[in-house]
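The listed protein sequences correspond, in order, to chains E and Y. If you're matching positions, the first sequence starts at 173 in the working numbering and goes up one per residue. If you're matching positions, the second sequence starts at 3 in the working numbering and goes up one per residue.
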Amino acid sequence: MSTIVLYGVTAILLAFSFFKDRKKTLQALRKAFKALENILPEFLVVILLVGLLLALMDPAFISRLIGVDSGILGMVVALLVGSITLIPGFIAFPTAAMLLQGGAGYMQIGAFISTLMMVGVVTIPVEKKYFGLKLTVLRNSFAFVFSIVVALVIGLAMGEL
Amino acid sequence: MSKVIKRYRVFLVVLVLLGIVFLVDRELGRLAFQNAGYTIKEMLLIIPPIFVLLGLLDVWIPRETMVRFMGEGSGAKGVLLAFLLGSAAAGPLYGAFPVASVFMRKGVKFSNILVFLGAWSTTKIPMFLFELESLGPRFALTRLAINIPGILIIAWTLAALVPKNTIDDIYRKNLEMNNN
Numbered sequence: 173m174s175t176i177v178l179y180g181v182t183a184i185l186l187a188f189s190f191f192k193d194r195k196k197t198l199q200a201l202r203k204a205f206k207a208l209e210n211i212l213p214e215f216l217v218v219i220l221l222v223g224l225l226l227a228l229m230d231p232a233f234i235s236r237l238i239g240v241d242s243g244i245l246g247m248v249v250a251l252l253v254g255s256i257t258l259i260p261g262f263i264a265f266p267t268a269a270m271l272l273q274g275g276a277g278y279m280q281i282g283a284f285i286s287t288l289m290m291v292g293v294v295t296i297p298v299e300k301k302y303f304g305l306k307l308t309v310l311r312n313s314f315a316f317v318f319s320i321v322v323a324l325v326i327g328l329a330m331g332e333l
Numbered sequence: 003m004s005k006v007i008k009r010y011r012v013f014l015v016v017l018v019l020l021g022i023v024f025l026v027d028r029e030l031g032r033l034a035f036q037n038a039g040y041t042i043k044e045m046l047l048i049i050p051p052i053f054v055l056l057g058l059l060d061v062w063i064p065r066e067t068m069v070r071f072m073g074e075g076s077g078a079k080g081v082l083l084a085f086l087l088g089s090a091a092a093g094p095l096y097g098a099f100p101v102a103s104v105f106m107r108k109g110v111k112f113s114n115i116l117v118f119l120g121a122w123s124t125t126k127i128p129m130f131l132f133e134l135e136s137l138g139p140r141f142a143l144t145r146l147a148i149n150i151p152g153i154l155i156i157a158w159t160l161a162a163l164v165p166k167n168t169i170d171d172i173y174r175k176n177l178e179m180n181n182n
């Protein structure tokens, strides 16, 4: 759905741009291609790493890790698993719902979802290229600590704490 | 030619390592490559339009306009805009970094770039709707309510914590990257 919107908006803007100024539009496409080619090596590395990680940590494995222990240990495991992996939302949310049914607490699910979205260990090669190593590490560390807060607040809100 | 190999050497090393994984454990290796193929498909779908939009933004929107809306002195307007742009985005977080790069080139304030990254990572509207459905309104709304101040606090703390010359260096690097 959002992909269709993305393509629709891009196509309309591109057509509009082409009508207004062909030369500028070609320049924009050239820039787009160059920017993509520039980051392609890092993207490819991330893709391979994600492939391996997803193969190691399939939903069944994750539910063994997070589903079993509840409490603080389970939360720490959830934080780490979420930080390392990169799972698309349409797989992550059903997985999280499955984990809940399997006996995991909301607090752990909060930790897992929050680090999954905000902390990206495998995407460090891409982030580093634009932001440098120092800032990349800082941003991910802040996001990690913040995810602990998110998990605790969720635990409170869901009556687990 | 050697330049190309140099740029792709990490990729080649990881590819060889995956090949070794495949030789040691056929099933795991097959799954890894299958997942990588799947991610490439997802990337091929999402990434090209993002880069085309970036190219258009780069040639059509003058630096002065971006500075006025999101640069130093753009105030609450800039923060709000960064939040909305990040939340309206599609695609995984690694798609946000090239956008941030063009923002730097256009003179967007550093803390606003961090707000944009935070919003893209965790308050994307389509993802929120999905979360609402999968995990329930109480969970999703609590997370949203804490994420909004959290993103701002992280952005402002980071921007204040990192020395100005480090930020300048990052901006300069992105400017060079986009120019050649």
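Heads up, the beta-carbon is just placed ideally off N, CA and C, and yes, glycines get one too.
C-beta atoms of residue i and residue j nearer than 8 Å
| i | j | result |
| --- | --- | --- |
| V249(E) | G282(E) | no |
| Y96(Y) | V298(E) | yes |
| S136(Y) | A329(E) | no |
| R68(Y) | G120(Y) | In the sequence under discussion, the amino acid at residue 68(Y) is Met, which differs from the Arg named in the question. Contact flag unset, no. |
| I326(E) | R107(Y) | no |
| L258(E) | V222(E) | yes |
| F215(E) | M45(Y) | yes |
| V16(Y) | V217(E) | yes |
| A147(Y) | F130(Y) | no |
| A90(Y) | I127(Y) | yes |
| L288(E) | I238(E) | no |
| A315(E) | V291(E) | yes |
| V164(Y) | L307(E) | yes |
| P64(Y) | L178(E) | no |
| G277(E) | E209(E) | no |
| F132(Y) | G261(E) | yes |
| R311(E) | L160(Y) | yes |
Whole-Å CB distance - residue i paired with residue j, under 8 Å assumed
| i | j | result |
| --- | --- | --- |
| G93(Y) | N114(Y) | Not a contact, Cβ separation roughly 20 Å. |
| A264(E) | L33(Y) | Contact doesn't hold; Cβ gap of about 18 Å is too wide. |
| V253(E) | M279(E) | No, V253(E) and M279(E) are not in contact; Cβ-Cβ is about 14 Å, not under 8 Å. |
| S189(E) | A207(E) | Not confirmed; about 17 Å, so no contact. |
| G235(E) | G274(E) | Per the sequence shown, the amino acid found at residue 235(E) is Ser instead of Gly. S235(E) to G274(E), Cβ: 5 Å. Contact. |
| V54(Y) | T182(E) | 5 Å |
| G88(Y) | W122(Y) | 4 Å |
| L154(Y) | A204(E) | So it is not a contact: roughly 31 Å between Cβ atoms. |
| V117(Y) | L59(Y) | Wrong, their Cβ atoms sit about 18 Å apart, outside the cutoff. |
| F35(Y) | L20(Y) | 7 Å |
| F13(Y) | P213(E) | 5 Å |
| A162(Y) | I219(E) | In fact, because the Cβ distance is near 35 Å, the residues do not count as touching under 8 Å. |
Within-8 Å CB hit, residue i to chain Y
| i | result |
| --- | --- |
| Q199(E) | yes |
| P231(E) | no |
| I211(E) | yes |
| T287(E) | no |
| V218(E) | yes |
| R236(E) | no |
| R194(E) | no |
| G274(E) | no |
| F284(E) | no |
| T257(E) | no |
| G246(E) | no |
is_contact[residue i, chain E] using C-beta, thresh 8 Å
| i | result |
| --- | --- |
| F99(Y) | yes |
| E44(Y) | yes |
| L34(Y) | Correcting the residue type first, residue 34(Y) is Ala in the shown sequence and not Leu. Yes, A34(Y) counts as interfacial toward chain E. |
| I49(Y) | yes |
| R65(Y) | no |
| W158(Y) | no |
| N37(Y) | yes |
| L58(Y) | yes |
| I22(Y) | no |
| R188(Y) | Nothing about residue 188(Y) can be read from this structure; chain Y reaches only from 3 to 182. |
| F13(Y) | yes |
| L83(Y) | no |
Discussion item. Please list, in chain order, the residues of the segment 133 to 146 of chain Y that have any C-beta partner in chain B closer than 7 Å.
Written reply: Any reference to chain B falls outside this structure, whose protein chains are E and Y.
Discussion item. Restricting to runs no shorter than 4 residues, where is the alpha helix (DSSP H) found entirely within the segment 260 to 328 of chain E?
Written reply: 261 to 273 and 278 to 290
Worksheet item: Which runs of the alpha helix (DSSP H) fall wholly inside the segment 66 to 120 of chain Y and span at least 4 residues, in chain order?
Response: 77 to 89 and 98 to 107
Worksheet item: Enumerated in chain order, which unbroken segments of the alpha helix (DSSP H) with a length of 4 residues or greater are wholly contained in the segment 150 to 181 of chain Y?
Response: 166 to 181
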